[in-house]
Every structure is written in C-alpha cells, then in structure tokens.
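Since the structure comes first, as structure tokens, the remarks are kept for the end.
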C-alpha cells in the first residue's frame, strides 16, 4: 500500500468500527478525564481563582502553596495512570485493527483481555524505550540546566573567570549534542514504532518486540518515517480543528472555571476521537511491512486454503 492507501483504509476502518475503536479509548479515558476535571476545578477553587478571568492578575493566586499539594499529587497520579492506560489502549486498538484487517470481529472486552495478558511485556517495552529516550533527552538538557544554575550565581563570575568560561562552554556543548541526540531520538522512535504490535500480535517478549520492530523497519526507514510524520501532521491538523472550539470559548466566556472545564473536556475528546486513527494507521503500516518483506498476504492465503 502507498501512504494514501494506508490513510484511505484507516478512515474506512474508522468509519465502520467507530463505536468499537472510540470505545477502546473511552473506557479508560473518560474516568481519567473526570478525575482531571475534578483536579483542575479543585486547583482553581483552592488558589482563589473560582471567579477570576485572569489568574495572573489575581492577587490571591497560589497564596497558600501548601494547600495545592493535593492538586499536584493528584495531577502526578493522573499523569501516571494516563501513561499506563495509553499503553493498553494502543495494544487493544492494535488488536481490534488487526482483527478487522484479517476479516474477523472482536469486542472491546476481548481486545482488552488479550492486551492485559501481555501486560508485563508491554510494560517492559515502554520502560526500556522510555529510559533510552530519557537518556537521549538528558544529553542536551543537562548543559542548559547547568548554565541556568551558573547564571543564578552570576555574582561570582567577576571573582572566578573559570566560572565565566564554563558558562560560555556549556551552551555550546549542549548545542553540539542537540543535533546528534535529535537524530538518535528519531532513529529509535522510528525503528521501535511497531514494538507494541509485535508484543500483542506476535506474542513477542519485550526485548524480542524491540528487535522485531527494528528489523521490520530496516530497509524502509525513510518510508516509515515519512508515513509516521504524515500521520502525525494529519492528527495535529485534526486536533487543531477540534480545539479551535476551545479558542472560541475563551473569547466568549469570561469565567475561568468554564474555560478550564471546556479545555479539559475538549482535550479528552480529541484523544478519544483521534487516537484510534493514529494507531490504526500504524497497525496497517505494520502489516504493510510484513506483506512487503515476508509475503504475509501469501501466508494468509495459504492458511485459508489449508483450512478448506
């Protein structure tokens, strides 16, 4: 399939299986959305912004930082739960798209049960990939953290020329590492793009799934990167169209509470509506690579003939 074929097939699958695909995301996203909304409203009320239209001009903004600790704790917990949930949403969506691609049907519950059976491998894949990406991100972030710390003690520059020299070297060092780190991030994120599919559709373990994805993308790196980039741009444009409603609300509604609630709800709806499109396209691209490299379509045909 060409990139256009993949996107066309993606939207056909999305239209025909909208309830199932959106339901996969909504099952977990809606409870988290409610928790996030409650946390945001708590923050506004505790910070004294319930009736405010501009938090930065409100003199009572964050007047008691200690009272906001429950908000920050809840936000961290919600973020962690959301990260875990996204792993299983991706896995369950990949299973649904795979079954529909192979001409079979599956329910939301069955998809999640299959994903949960592979929970340890899925978790380890995210853990390994996350550690690699965190390390690469740290490579060019740390020098800038250092320079900000040095600027905080700029009074000592006059008495210590060495500190002044170091303050000039660190940003340069960070800039030199920036491009290699970005290249490495793009490389790993592209070569590992199908690790989740390898876990739930081929029963690979965590390291096996990463190796499987790496080999599958090999020889097609630029094509895969281009299609993933195209999918990302499409999702970004569609999300802008939906969140434009939030911009209208911000101009029309004076209440900060209503604005925050609308923004939280719209952000959640964007995820429920658009996440299935992204994962469906990636799963179809995964099968396209298998067909191109391994004759997966012939394997399916052979299995159907044997079954008869």
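Residue numbers (the numbering used here): 1 to 308. All C-beta atoms in this analysis are idealised placements derived from N, C-alpha and C, irrespective of residue type, glycine included.
- Under the three-pair Cβ rule at 8 Å, the segment 186-204 counts as touching the segment 214-226.
- Within a 10 Å sphere around the beta-carbon of residue 72 sit fewer than 16 other beta-carbons, which makes this residue exposed.
- For residue 294, the number of other beta carbons within 10 angstroms of its own is below 16, and it is reported as exposed.
- Across the structure, residue 202 and residue 127 are spaced so that their CA atoms are roughly 20 Å apart.
- Around the beta carbon of residue 21, a 10 Å sphere encloses 16 or more other beta carbons of the protein chains shown; the residue is thus reported as buried.
- Ranking 108, 75, 44 and 282 by CA distance to the CA of residue 196 puts 282 first.
- The residues 206, in chain order, have a CB closer than 7 Å to that of residue 124 in the same chain once the five nearest residues on each side in sequence are set aside.
- Our two residues, residue 211 and residue 13, have alpha carbons roughly 29 Å apart in a direct line.
- Here the segment 132-141 makes no contact with the segment 86-95; the two share fewer than three CB pairs at distances below 8 Å.
- Taken in chain order, no unbroken stretch of beta strand (DSSP E) lies wholly in the segment 178-217 with a span of 3 residues or more.
- When C-alpha distances from residue 6 are compared across 41, 258 and 234, the shortest belongs to 234.
- Residue 231 carries a helical assignment under DSSP once its states are collapsed to helix, strand and coil.
- C-alpha of residue 4 to C-alpha of residue 263: approximately 32 Å in a straight line.
- A distance below 9 Å separates the beta carbons of residue 111 and residue 99.
- The criterion of a C-beta distance shorter than 9 Å is not satisfied by residue 284 and residue 239.
- When C-alpha distances from residue 176 are compared across 139, 187, 198 and 186, the shortest belongs to 139.
- Not a single unbroken stretch of the alpha helix (DSSP H) spanning 4 or more residues falls wholly within the segment 241-292.
- Only residues of its own chain outside the window of five on either side were considered, and among them none has a CB closer than 7 Å to the CB of residue 103.
- Contact annotation: residue 84 and residue 39 have beta-carbon atoms that are not nearer than 9 Å.
- Going by DSSP, residue 15 is part of the alpha helix (DSSP H) stretching over 3-16.
- Of the residues 105, 24 and 44, the one whose Cα lies closest to the Cα of residue 276 is 24.
- Taking 9 Å as the cut-off, the Cβ atoms of residue 75 and residue 204 do not count as close.
- Spatial neighbours of residue 268 in its own chain (CB-CB distance under 7 Å, excluding positions within 5 residues in sequence) are listed in chain order as 29 and 33.
- At a Cβ-Cβ threshold of 9 Å, residue 289 and residue 44 do not count as neighbours.
- Along the length of the segment 97-123, whole alpha helix (DSSP H) runs at least 4 residues long occupy 108-116, reported in chain order.
- In terms of Cβ geometry, residue 137 and residue 185 form a close pair [threshold 9 Å].
- Residue state for residue 137 is assigned as helix, using DSSP reduced to three classes.
- Residue 242 places its beta carbon less than 9 Å from that of residue 270.
- Closest option to residue 69, judged by alpha-carbon separation, among 183, 42, 18 and 87: 42.
- Residue 200 is positioned such that its CB atom lies no closer than 9 Å to that of residue 113.
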